[in-house]
Every structure is written in structure tokens, then in C-alpha cells.
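The numbering used here numbers the first residue of the sequence shown as 100 and each following residue consecutively. Glycine included, each C-beta is placed from N, C-alpha and C at the ideal position. First comes the structure, then the notes that go with it.
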Amino acid sequence: MFTLQELATAVHHNIAVVIVILDNASFGNVKTIQAASYGARHIAVDLTNPDFVALGESFGIRSCRVESAELFGVELTQALAADAPRLIVVPIGTVPSIWDLIRRPPSQGVAAH
Numbered sequence: 100m101f102t103l104q105e106l107a108t109a110v111h112h113n114i115a116v117v118i119v120i121l122d123n124a125s126f127g128n129v130k131t132i133q134a135a136s137y138g139a140r141h142i143a144v145d146l147t148n149p150d151f152v153a154l155g156e157s158f159g160i161r162s163c164r165v166e167s168a169e170l171f172g173v174e175l176t177q178a179l180a181a182d183a184p185r186l187i188v189v190p191i192g193t194v195p196s197i198w199d200l201i202r203r204p205p206s207q208g209v210a211a212h
């Protein structure tokens, strides 16, 4: 939840984009980094989010909240077929760290000069 102008832009220009919000009520990636660096101490990462469905609808975007994979598939199919912006909110819990997947191993040997 960094900015909202994307919603206004999509509506203003009638861009048929599907926006999926994975709502974990936190800055999850930052929280993962803090946990790795400081153990159980976190600061400013747990959020009190707005009602994203109501927020999307306040911009005139058809919005929904889904809590199952089956319903997500139905809503996503409909959203992709639409000729206007759509917003889908998916509540999620804590997710595993992605950093182990993207870390590169340290270089081996002598660095070239």
C-alpha cells in the first residue's frame, strides 16, 4: 500500500487492467528482512489497511474480495474478459521468504582486475 494514483489513472483512461492485491496486512518483505536481522523485533511493518474493495469501488472500479482458489479463478476469468479496470483482493497470511530463491552464491576464485 504505497500509492493510490494507479487506480485513478486506470479509471481516467479506462485501462482494462486487473489489479490483484495480496493483503497480508503488513509490509511482508520488510518484515521478513527485519526478522532475519533483528529476531522477533519488528517496527512499522504491521498495517491497519483500508477496506480495499470499498476503496476500489470509490474510484468506480468493480472490486471483490475472494477467499478461495476456486472463487479467485472465477473472478480472474471475468476480470480478464472485462473492458474496464477490475480489482481483486486476496487475504493472505504470512508467506515464506523469497530471498533464498533469489540470492546468488558468492563468487568463487580470485576476482579479475
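Whole beta strand (DSSP E) elements within the segment 117-147, 3-residue minimum: 117-122
>> Between lysine 130 and histidine 112, how many whole angstroms is the CB-CB distance? I'm expecting something under 8 Å.
In response: Your numbering for residue 130 matches position 31 in the sequence shown. Your numbering for residue 112 matches position 13 in the sequence shown. Between the beta-carbon of lysine 130 and that of histidine 112 there is about 34 Å, and that puts the pair past the 8 Å contact cut.
**Message:** Just to confirm the assignment: which complete beta strand (DSSP E) runs, minimum length 3, are found wholly within the segment 169-201?
**Reply:** 185-190
What is the DSSP secondary structure of serine 157, reduced to helix, strand or coil? Taking the sequence shown and counting its residues from 1, one reaches residue 157 at position 58. Reduced to three states, the DSSP call for serine 157 is helix.
Can you list, in chain order, the residues of its chain whose CB lies under 7 Å from that of alanine 214, leaving out five sequence neighbours each side?
This structure cannot settle anything about residue 214, because the visible part of the chain is limited to 100 through 212.
Exercise. Just curious, the alpha helix (DSSP H) that leucine 106 is in, first and last residue?
Worked result: For the purposes of this step, residue 106 is taken as the residue at position 7 of the sequence shown. Taken as a continuous stretch (DSSP letters only), the alpha helix (DSSP H) holding leucine 106 covers 104-111.
Hey, how far is the Cα of aspartate 150 from the Cα of alanine 139?
-> For the purposes of this step, residue 150 is taken as the residue at position 51 of the sequence shown. For the purposes of this step, residue 139 is taken as the residue at position 40 of the sequence shown. Aspartate 150 and alanine 139: Cα-Cα distance of roughly 28 Å.
Problem set entry | 7 Å CB neighbourhood of glutamate 166 in its chain, flanking five on each side removed | Mapped onto the sequence shown, residue 166 falls at position 67. Contacts found: Pro190.
Below 8 Å on the Cβ atoms is my contact criterion, and I expect valine 117 with leucine 175 to pass it. Report the Cβ-Cβ distance as a whole number of Å. Counted from its first residue, the sequence shown places residue 117 at position 18. Counted from its first residue, the sequence shown places residue 175 at position 76. Sure, about 7 Å apart at Cβ, within 8 Å.
Residue burial classification, serine 162 (beta-carbon count within 10 angstroms, cutoff 16): Against the sequence shown, residue 162 aligns to sequence position 63. Taking all protein chains shown into account, serine 162 has 16 or more neighbouring C-beta atoms within 10 Å of its C-beta and is therefore buried.
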